[in-house]
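Input: a single structure, listed below in C-alpha cells.
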Amino acid sequence: MRAGRIAALLAVACAAAGCGGEDDGLVDAQTAHVRFGYPKGWQRQAKGGAFTVARIEGGRPVAQLTVLERPVRATTATLAVAALQAGRLIGHDYKRGAVRPVRIENADSGSRLSYSYVSDDEPRHPTEGTDVVAVRDRNVYVVRVTAVPGKVSAADVEAIVKSVALKGD
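For the sequence shown, full-length UniProt numbering assigns the number 1 to the initial residue and increments by one for each residue that follows.
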C-alpha cells in the first residue's frame, strides 16, 4: 500500500516536471541546419527556398513560421538581430520590442526578438512577430513566427522558441 502511494507520488512529480516526453502540441520538423517544432494543423507552404508553414483561416494565412538559413553572417546573435532588423526599422508601422538572450542547443549565441507591424497584405492588418536568432561559426539561422494578434497563443510561441536547436553537424 505504501509502495503504491510512493509510486503514484513519483508519477505525479515526474509528470509535473515534464518527464516522459510530454506532448507540447508541436510537430517536429527540420531543415538542413535547424530543428524546431510548429503547431499541429499548420500547413506547409511553397515560399521560395525557405521552409514555411502557416495556419490558414478562411483560405488566408493568419499565422506563419519561416526558417531562414544563413540570411546574413554575424559574430553574435545581437549583431545578427541588428542586421536582420535594419530594413524593417524604416517601415512606418514597425515597432521593435525587447531583445533577450536565449539558449539554443549547438549555437554559439542566441537571441529572441519581439516586434509588431502593419502588414502589406490587403487588407492591411496588425501583425505580431517573434524571431529566434541563432549563430554558429558566424552563420545565422532564424526561426520567425508572425501572426495576426490572437491567432497564436503565447504558450504556442513559447513552445516554438523552446523547440529551436541547431543540428550538431
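Backbone N, C-alpha and C define an ideal beta-carbon position, used for all residues, glycine too.
N-terminal and C-terminal residue of the alpha helix (DSSP H) that residue i is part of
i	result
VAL152	Where VAL152 is concerned, there is no enclosing alpha helix (DSSP H), given that its DSSP letter is neither H nor E.
THR78	77-85
Nearest-angstrom Cα separation, counted from residue j out to residue i
i	j	result
THR78	LYS40	31 angstroms
GLY58	ASP137	42 angstroms
GLN45	ILE56	10 angstroms
THR31	ALA147	22 angstroms
GLY21	ASP28	Below a pLDDT of 50, predicted positions are generally treated as unreliable, and GLY21, at 39, falls in that range; the measurement from the model is reported next regardless. Computed Cα separation, rounded: 13 angstroms.
Cross-strand partners of residue i (DSSP beta bridge)
i	result
ALA165	ARG35, GLU105
TYR141	GLU69, ALA134
LYS95	SER116
ASP28	GLY37
ARG44	VAL53
Unbroken beta strand (DSSP E) run spanning residue i, endpoints
i	result
ALA50	50-57
Assumed close pair residue i, residue j - CB separation to whole angstroms, cut-off 8 angstroms
i	j	result
VAL145	VAL135	VAL145 to VAL135, Cβ: 19 angstroms. No contact.
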